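Be aware that the sequence shown starts at 490, since it is given in this note's numbering, and climbs by one per residue. Note that the Cβ used here is the ideal one computed from N, Cα and C, for glycine as well. All values derive from a computational prediction rather than experimental measurement.
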Amino acid sequence: MLKNKMENQAESKGNSSQFSLVYRFFRKVMFRLLYLLFCLFPLNKKKILFASDSRTDLSGNFEFVYQTLKRKNVNYRYHFFLKESTRAYKTYWEMVRLAFHLATAKFILLDDFYPMVYPLKLRKDADLIQLWHAVGAFKTFGYSRVGLPGGPDPYSLNHRNYTKVIVSSKSVAKHYAEGFGISENRVFATGIPRTDVFFDQAYQVKVKEELYRKYPFLSEKKVIMFAPTFRGDGQQSAYYPKDYLHLDKLYHALHDEYVFLFKMHPFVKDYWQIPEEYKDFFYDISHYREINDLLFISDLLITDYSSVCFEFALLNKPMIFYSPDVEEYIATRDFYYKYDSFIPGPLARTLDELIETIQNKDFKMEKIETFVDYFFDHTDGKSSDRVVDQLIVDADSK
490 MLKNKMENQA ESKGNSSQFS LVYRFFRKVM FRLLYLLFCL FPLNKKKILF
540 ASDSRTDLSG NFEFVYQTLK RKNVNYRYHF FLKESTRAYK TYWEMVRLAF
590 HLATAKFILL DDFYPMVYPL KLRKDADLIQ LWHAVGAFKT FGYSRVGLPG
640 GPDPYSLNHR NYTKVIVSSK SVAKHYAEGF GISENRVFAT GIPRTDVFFD
690 QAYQVKVKEE LYRKYPFLSE KKVIMFAPTF RGDGQQSAYY PKDYLHLDKL
740 YHALHDEYVF LFKMHPFVKD YWQIPEEYKD FFYDISHYRE INDLLFISDL
790 LITDYSSVCF EFALLNKPMI FYSPDVEEYI ATRDFYYKYD SFIPGPLART
840 LDELIETIQN KDFKMEKIET FVDYFFDHTD GKSSDRVVDQ LIVDADSK
């Protein structure tokens with residue numbers, strides 16, 4: 490009865506400012522009071538909560554960790570609370586459920602920014618584990634950006650209550666600790682679960698066959714994957730400067746040998762309008778969720794400041810960093826490493842440089858091996874097992 494009443498309220502919420510005020514009060518005040526109330530219940534040491542505000546399906550690191558738990562046949566109860574974004578509406582009943590599970594689950598797994606959990610004081614024996622979606626450490630984030638444009642308030646509570654965070658190597662642990670505002674002993678170099686597929690040949694063959702069947706044009710020419718990061722301060726203002734690319738020039742220079750795929754950042758909603766005469770060369774597949782699968786059929790990656798370069802390096806394939814705004818980006822966003830010496834491929838500042846690099850195949854492949862050695866402690870395809878064994882099963886036995 491209570492559930493039906495609350496969900497009826499949600500369905501009839503409309504746009505009234507009065508409802509918005511009530512909703513905000515419930516989300517910010519009542520939710521926290523409910524959490525404190527539910528903390529009076531026993532902690533369920535066999536409960537695992539997967540919570541995300543960036544995906545509605547069980548994919549990415551979540552999927553690999555969940556499948557590993559199931560394969561190991563460990564005796565846990567699983568609950569999932571998945572939304573497409575931090576702006577997605579949560580009904581009153583959903584917030585009640587979320588408060589209950591956050592208060593009673595031994596293990597709470599996140600994969601991205603999750604604002605509703607940060608003001609909460611975690612229970613003594615509970616673990617809040619951040620399975621961060623990115624690999625390696627590249628551009629600065631979180632508290633590493635205090636004082637920079639769009640940087641956080643140094644007194645913010647965001648991220649600080651993580652008990653465990655996973656990273657790809659010990660080399661980047663200090664950057665994640667700083668970015669999340671936590672001590673380095675809470676950062677574990679287990680490797681990133683979703684990179685396990687880069688060491689699974691059977692999976693790669695299966696994915697390639699499926700993609701070639703779905704998109705036959707991918708097997709007809711070499712594939713260029715264009716996967717830049719977004720510009721702007723975050724999800725609401727994200728965009729990519731389309732004047733960085735001239736479709737006509739790219740088409741006439743490259744279409745005989747390549748096809749060109751757009752894979753824009755999920756925050757960027759302004760998709761490319763491809764002229765009819767170029768539709769045998771340009772294809773926008775930004776809707777395809779898992780970029781890792783697309784990397785297997787890509788012969789060349791063009792990116793800029795995106796962490797996709799870490800995964801692509803595992804395939805030992807060429808990549809170009811097309812960064813017309815590199816000086817401005819360094820000034821406003823900054824990096825943990827000197828950009829031009831860090832990147833495992835050539836830097837192109839203009840479209841002409843980009844095209845020339847592709848035509849000359851001057852990819853500086855020698856930079857990839859040292860890049861992988863630094864940013865990956867493990868290249869064995871067993872990161873999911875380490876996360877489950879070290880952060881969940883071992884913790885459960887103590």
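Please work out which residues of its chain come closer than 8 Å, Cβ to Cβ, to aspartate 685, disregarding the five sequence neighbours upstream and downstream, and give them in chain order.
Phe553, Gly870, Lys871, Ser872, Ser873.
If distances are taken between C-alpha atoms only, which option among Tyr728, Lys653, Phe715, Gly721 comes closest to phenylalanine 749?
Per the Cα distances, Phe715.
Just verifying my parser: in three-state terms, what is the DSSP assignment at asparagine 805?
Here asparagine 805 sits in coil by DSSP.
Tell me the DSSP bridge mates of isoleucine 671?
According to DSSP, isoleucine 671 bridges with nothing at all.
When burial is assigned at 16 or more other CB atoms within 10 Å of the CB, is arginine 566 buried or exposed?
With fewer than 16 Cβ atoms within 10 Å of its Cβ, arginine 566 is classed as exposed.
Is serine 541 helix, strand or coil when you go by DSSP?
Three-state result, serine 541: strand.
In three-state DSSP terms, what is threonine 868?
In the structure shown, threonine 868 sits in coil (DSSP, three-state: anything other than H, G, I, E or B).
Tell me which residues share the same chain as lysine 752 and place their Cβ nearer than 8 Å to its Cβ, disregarding the 5 neighbours each side in the sequence.
These residues qualify, in order along the chain: Met714, Phe715, Ala716, Ile774, Ser775, Tyr777, Ile780, Leu783.
With a threshold of 16 other CB atoms inside 10 Å of the CB of serine 657, please say whether the residue is buried or exposed.
By the 10 Å Cβ count, serine 657 comes out buried.
Would you kindly work out how many angstroms separate the C-alpha atoms of valine 661 and phenylalanine 570, rounded to a whole number?
If you take the alpha carbons of valine 661 and phenylalanine 570, they lie about 29 Å apart.
Run through DSSP, which three-state label would valine 518 get?
If DSSP states are grouped into helix, strand and coil, valine 518 belongs with the helices.
Starting from the C-beta of leucine 611, find all residues in its chain whose C-beta is less than 6 Å away, skip the five residues before and the five after it, and write them out in chain order.
The residues are Leu617, Asn650.
Beta-carbon within less than 8 Å of tyrosine 863's beta-carbon, same chain only, minus the 5 sequence neighbours each way: which residues are those?
The answer, listed in chain order, is Ser658, Ser660.
CA-CA distance, aspartate 878 and threonine 557?
In a straight line, the C-alpha of aspartate 878 is about 10 Å away from that of threonine 557.
Report the rounded CA-to-CA distance for isoleucine 819 versus leucine 525, giving the unit in angstroms.
Taking the straight line joining both Cα atoms gives about 43 Å.
Let's test the definition: count the other Cβ atoms within 10 Å of the Cβ of glutamine 792 and tell me whether it reaches 16, buried, or not, exposed.
For the sequence presented, residue 792 should be read as threonine rather than glutamine. By the 10 Å Cβ count, threonine 792 comes out buried.
Am I right that histidine 664 and serine 633 are in contact with their C-beta atoms under 8 Å? What's the rounded C-beta distance?
Confirmed, Cβ separation roughly 7 Å.
DSSP has methionine 714 in a bridge; who is on the other side?
Answer is Leu750, Leu790, bridged to methionine 714.
From valine 511 to tyrosine 581, what distance separates their C-alpha atoms?
The alpha-carbon atoms of valine 511 and tyrosine 581 are separated by roughly 11 Å.
Bridge partners for threonine 837 per DSSP, in chain order?
Here residue 837 is alanine; the residue named in the question, threonine, does not match the sequence. Answer by DSSP bridge pairing, in chain order: Tyr811.
Using only the alpha-carbon positions, how far apart do isoleucine 809 and proline 682 sit?
Near 26 Å, if we compare the C-alpha coordinates of proline 682 and isoleucine 809.
Please decide whether glutamate 858 counts as near chain B, where near means a Cβ-Cβ distance under 8 Å.
The structure shown has no chain B; it contains just one protein chain.
Per DSSP, which one or two residues make a beta bridge with isoleucine 618?
Note: isoleucine 618 sits in a beta bridge opposite Leu598, Lys653.
For glutamate 673, which residues from the same chain have a beta carbon less than 8 Å from its beta carbon, with the 5 sequence-adjacent residues on both sides left out?
Cβ neighbours of glutamate 673 beyond the five flanking positions: Ala662, Lys663, Ala666.
In three-state DSSP terms, what is aspartate 878?
It is helical.
Along the beta strand (DSSP E) that carries aspartate 773, what are the first and last residues, could you check?
That run of the beta strand (DSSP E) goes 771-773.
Measure from the alpha carbon of leucine 736 to the alpha carbon of each residue in Tyr728, Gly723, Ala727, Glu765, then state which is nearest.
Of the listed residues, the one whose Cα sits closest to leucine 736 is Glu765.
Identify every residue that forms a DSSP beta bridge with valine 676.
Partner(s): Val654.
Using the C-alpha atoms, what's the distance from phenylalanine 770 back to asparagine 744?
Reading off the sequence shown, one finds histidine at residue 744, where the question assumed asparagine. Taking the straight line joining both Cα atoms gives about 6 Å.
Looking at the unbroken beta strand (DSSP E) that takes in phenylalanine 719, where does it start and where does it end?
Unbroken run through phenylalanine 719: none, as it is neither H nor E.
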